[in-house]
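The letter at position 30 of the sequence shown is residue 29 when you use numbering that gives the first Met the number 0, and the numbering goes up by one with no holes. Positions of the beta carbon are idealized from the N, C-alpha and C atoms, including for glycine.
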Amino acid sequence: MEAALQDAIETVDASALREVLDGRYRIVREHTRAILARPEFSKPSDPLPTEDYRELVTEWTRKLAGTGGPALLFPEEFGGLGRVGEAIASFETLALSDLSLLVKCGVQFGLFGGAVHHLGTRKHHERYLDQIASFELPGAFAMSESGHGSNVQNVQTTATYDPETQELVVETPTEEDRKDYIGNAARDGRLAAVFCQLVVGGEKRGVHCVLVPLRDDSGDVVDGVRIEDCGHKLGLHGVDNGRIYFDGIRVPRDNLLDRYAQISPEGEYTSPIENENRRFFTMLGTLIQGRISVGGASIGATKVALTIAVRHSLRRRQFGPPDSDEELPLLDFRVHQRRLLPALARTYALHFTQAGVVEELARIFGADDGTATQSDEEQLARRELESRAAGLKALATWHATATIQECREACGGAGYLSENRLGELRADTDVFTTFEGDNTILLQLVAKGLLTSYRDEFVSMNPIATVGFVAGQAWETVVEKTAVRELIQRLTDDLVPGRERDEDLLDRDYHLNLFRWREEHILTGAARRLKRGIDDGADPFEVFNECQDHVLAAARAHTEREVLEAFADACEQCEDAGLRVVLDRLCDLHALAEIERDRAWFQEHGRISSTRAKAITRSVNSLCEGLRAHAGELVDAFGIPDELVSAPIGLPGGPASAGAMAPLDDELPDVRMLVRELGMEQGS
Ligand SMILES: Cc1cc2nc3c(=O)[nH]c(=O)nc-3n(C[C@H](O)[C@H](O)[C@H](O)COP(=O)(O)OP(=O)(O)OC[C@H]3O[C@@H](n4cnc5c(N)ncnc54)[C@H](O)[C@@H]3O)c2cc1C
0 MEAALQDAIE TVDASALREV LDGRYRIVRE HTRAILARPE FSKPSDPLPT EDYRELVTEW
60 TRKLAGTGGP ALLFPEEFGG LGRVGEAIAS FETLALSDLS LLVKCGVQFG LFGGAVHHLG
120 TRKHHERYLD QIASFELPGA FAMSESGHGS NVQNVQTTAT YDPETQELVV ETPTEEDRKD
180 YIGNAARDGR LAAVFCQLVV GGEKRGVHCV LVPLRDDSGD VVDGVRIEDC GHKLGLHGVD
240 NGRIYFDGIR VPRDNLLDRY AQISPEGEYT SPIENENRRF FTMLGTLIQG RISVGGASIG
300 ATKVALTIAV RHSLRRRQFG PPDSDEELPL LDFRVHQRRL LPALARTYAL HFTQAGVVEE
360 LARIFGADDG TATQSDEEQL ARRELESRAA GLKALATWHA TATIQECREA CGGAGYLSEN
420 RLGELRADTD VFTTFEGDNT ILLQLVAKGL LTSYRDEFVS MNPIATVGFV AGQAWETVVE
480 KTAVRELIQR LTDDLVPGRE RDEDLLDRDY HLNLFRWREE HILTGAARRL KRGIDDGADP
540 FEVFNECQDH VLAAARAHTE REVLEAFADA CEQCEDAGLR VVLDRLCDLH ALAEIERDRA
600 WFQEHGRISS TRAKAITRSV NSLCEGLRAH AGELVDAFGI PDELVSAPIG LPGGPASAGA
660 MAPLDDELPD VRMLVRELGM EQGS
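This is the structure in structure tokens:
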């Protein structure tokens with residue numbers, strides 16, 4: 000197999016591969032790269048003082064807003080361009096640049112703008128969307144509190160309706176209930192989308208979102224609001240995260256973002272979604288684009304780190320055969336290949352999975368008519384997307400953290416120098432595993448979806464009842480899938496150790512079946528344990544807690560299967576025969592490296608023999624060896640302009656070529672012009 004593999008890939012056309020990766024949003028990605036590569040967006044490699052850095056990031060955000068990029072996100076009738084897919088693709092491209100800029104833009108346009116867009120109605124859109132897209136109105140998305148981050152449904156800030164004045168009174172009851180970590184709060188934010196418990200006529204109505212001013216036009220904090228800086232953070236030093244306290248500030252009734260619930264002047268509360276929990280989850284579901292954007296951004300940042308580390312490993316020489324004076328490039332060493340190339344393959348896998356999720360987001364939200372209720376079919380599609388996005392965000396951000404660290408080490412001392420960016424990339428992406436949904440919490444969301452088949456009851460119950468419900472129906476739900484399982488069982492019959500054959504190792508169906516079998520097996524086991532606990536009369540919360548690690552393993556295995564399927568589909572769809580071979584090899588490496596990582600589990604469960612496990616390790620080595628010759632092209636295909644790579648060791652010509660800068664055009668290119676000139680179709 001080894002020899003065949005070496006022969007299989009002759010050359011890799013990096014620019015053709017780049018087109019495949021850029022996919023349907025190629026034009027917008029190119030446009031965003033061109034903007035970010037300009038000198039206006041360059042940054043000194045030495046750290047700036049915090050305030051100067053924040054000022055620079057604010058200035059960059061304003062400039063980007065001027066190019067019309069953020070307008071892609073908002074509907075045309077309110078001054079936007081109405082292209083959700085392009086907006087996310089552009090945001091993902093931002094991750095090749097400074098990550099404080101990325102997060103500042105994410106907060107302003109994605110989170111704050113997204114809350115006004117998706118939770119508000121026409122009056123809010125007319126009043127604010129234009130100013131949000133242009134950054135004339137800097138804003139914040141104030142959901143988390145010191146006391147409640149993951150458990151958002153339990154935030155304690157209140158907004159109490161006063162029918163006398165037709166105002167909402169916003170209050171932070173205790174120190175624990177202050178809004179915490181809020182981006183854009185410490186310095187720039189003038190208005191905040193504040194998530195709080197709505198109280199109308201003395202009755203609590205659950206979490207809603209209310210617009211509350213933070214600062215006046217001169218930038219002074221308004222009466223009734225106190226703001227503190229969160230202080231020094233691990234990374235993202237250009238973002239002004241702050242804590243907000245509300246001391247009974249009054250805002251007009253219209254400041255309630257009222258797509259999902261309204262208050263009449265007299266104080267009558269109405270909502271088209273009667274059930275409070277269901278309303279809450281529906282509202283949160285509309286904010287899904289933030290989570291998808293963070294997943295995409297983490298993949299972008301990983302590409303930068305791999306570009307730097309792979310190029311360095313192709314140039315840097317250490318040691319060599321005893322009979323030679325010549326030392327070898329680092330990437331000729333097997334261990335170095337194993338450190339970088341499976342991570343590279345997985346980055347490709349996550350890239351294609353992300354592309355599918357963005358496509359589905361664009362399909363669903365492109366058709367959003369702004370009403371509060373959806374058909375059953377639409378609801379199911381949304382819930383499935385939420386689950387896919389949650390799992391992918393978790394896997395992609397964990398992958399970023401692990402890979403960037405590996406890249407740092409793989410570059411030795413040079414990797415530790417600030418000018419080579421890896422330290423900053425690591426520090427800035429670290430929190431991606433926490434914000435927009437902590438990864439562990441997100442995997443629980445995926446697991447609950449798997450165990451309940453997204454049945455309606457799931458979203459109409461509080462979290463404790465949900466746990467009981469999941470535990471109670473998990474077995475039934477999983478058994479409903481028995482037919483599918485039996486089919487898979489038949490398909491995988493030849494996986495039993497006695498019938499293993501060497502040539503199966505690069506068989507895509509072999510990989511897919513192993514991934515599917517692992518998912519089904521873990522899921523069935525978790526459901527069986529939950530059922531046993533419930534049947535024995537144990538407390539459902541306890542039962543669920545007992546099985547939590549098992550349930551999360553099921554969610555992880557499920558998402559791994561989705562990622563492999565997405566990569567396999569991308570290979571199938573590739574029409575260029577040469578590129579198809581390269582993608583197939585990368586997909587093989589991704590699949591076999593994951594099976595190798597989890598080989599103890601597969602062996603424990605009798606799915607692979609120890610002989611086969613060793614053969615898998617040999618295949619991973621062999622695939623690494625085969626792909627080594629093309630590693631440079633495989634990172635070139637990420638299409639990261641030299642100005643954005645910026646690390647001297649990561650430039651194609653090495654440190655000696657540092658300092659080149661794109662010529663300065665007169666004006667920043669404008670995405671609105673691009674859309675007009677090209678008459679760009681959605682997704683062209
Ligand atoms: C730099 C930064 C920027 C941010 N920006 C914003 C912003 O602009 N707006 C905003 O609203 N928020 C923002 N956040 C807040 C962020 O969304 C929260 O930090 C996040 O949701 C996690 O909440 P938490 O910090 O309270 O952690 P916790 O919820 O306390 O979680 C701590 C740990 O406990 C685990 N855990 C929690 N519950 C369970 C459970 N049931 N089972 C098992 N494990 C559990 C989690 O996995 C996690 O590892 C930001 C945070 C940071 C650090």
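DSSP places Asp228 in no alpha helix (DSSP H) but in the uninterrupted beta strand (DSSP E) bounded by Val224 to Asp228.
Within the same chain, and ignoring the five residues on either side of Thr31 in sequence, the residues whose Cβ sits closer than 7 angstroms to its Cβ are Gly68, Ser89, Thr92 and Leu93.
Residue pairing of Arg242 in beta bridges, as defined by DSSP: Glu227. By the C-beta density criterion, Lys203 is exposed, having fewer than 16 other C-beta atoms within 10 angstroms. Thr157 has Glu170 and Gln196 as its beta-bridge partners, per DSSP.
The stretch 284-296 and the stretch 99-110 touch, with no fewer than 3 CB-CB distances between them shorter than 8 angstroms. With respect to the 8 angstroms criterion, Glu18 and Arg28 are not classified as neighbours on the basis of their beta carbons.
Between ligand 1 and Thr433, a heavy atom-to-CB distance of less than 7 angstroms is present. Of the other Cβ atoms in all chains shown, fewer than 16 fall within 10 Å of the Cβ of Lys122; this residue is therefore exposed. By the neighbour-count definition (other C-beta atoms within 10 Å, threshold 16), Ala599 is an exposed residue.
With fewer than 16 other beta carbons inside 10 angstroms of its own, Asp228 counts as exposed. Put simply, the backbone Cα of Ile648 is about 53 angstroms away from that of Val250. With respect to Leu343, Ser312 sits apart: the two C-beta atoms are not nearer than 8 angstroms. Taking a C-beta distance under 8 angstroms as the contact criterion, Ala553 and Leu384 do not qualify as a contact pair. Asn183 sits buried, since 16 or more C-beta atoms from the chains shown fall within 10 Å of its C-beta.
When DSSP states are grouped into helix, strand and coil, Pro668 belongs to the coil group.
Ranked by Cα distance from Gln130, the first of Tyr180, Ile248, Ala64 and Leu98 is Ala64.
Within the stretch 514-588, the runs of alpha helix (DSSP H) that reach at least 4 residues and sit entirely inside it are, in chain order, 539-545 and 547-572. Relative to the Cα of Ser149, the nearest Cα in the group Cys546, Glu435, Phe134 and Asp503 belongs to Glu435. Judged by DSSP secondary structure, Phe140 falls within the beta strand (DSSP E) whose first and last residues are Gly138 to Ala141. For Arg606, no beta strand (DSSP E) run applies, since DSSP gives it neither H nor E. Taking a 10 Å sphere around the C-beta of Leu233, we find fewer than 16 other C-beta atoms and assign the residue as exposed. Contact check for Arg53 against Asp239 passes: the beta carbons are separated by less than 8 angstroms. In the three-state reduction of the DSSP assignment, Ala413 falls in the helix class, which pools H, G and I. Pairing Thr400 with Thr451 gives a Cβ-Cβ distance that is not under 8 angstroms. Sixteen is the threshold: when 16 or more other Cβ atoms of the shown chains lie within 10 Å of the Cβ of His589, as they do, the residue is buried. The straight-line gap separating the alpha-carbon atoms of Asp597 and Arg507 is approximately 18 angstroms. Counting other Cβ atoms within 10 Å of its Cβ, Asn254 reaches 16 or more and is therefore classed as buried.
Val11 carries a coil assignment under DSSP once its states are collapsed to helix, strand and coil. One Cα belongs to Gly299, the other to Ala526, and the distance between them is close to 36 angstroms. Annotation for Glu559: Phe514 and Glu593 place their beta carbon closer than 7 angstroms to its own, counting only its chain and skipping 5 residues before and after.
Taking the Cβ of Met282 as the reference point, every heavy atom of ligand 1 lies at 7 angstroms or farther away. For the pair Leu100 and Ile639, the CB atoms are not nearer than the 8 angstroms cut-off. At a cut-off of 7 angstroms, the beta-carbon of Thr439 counts as near ligand 1: some heavy atom of the ligand is closer than that. Taking the CA atoms as reference points, Gln165 sits about 6 angstroms from Arg252. Across the set Leu633, His231, Ala388 and Ala446, the C-alpha of His231 shows the shortest separation from the C-alpha of Pro48.
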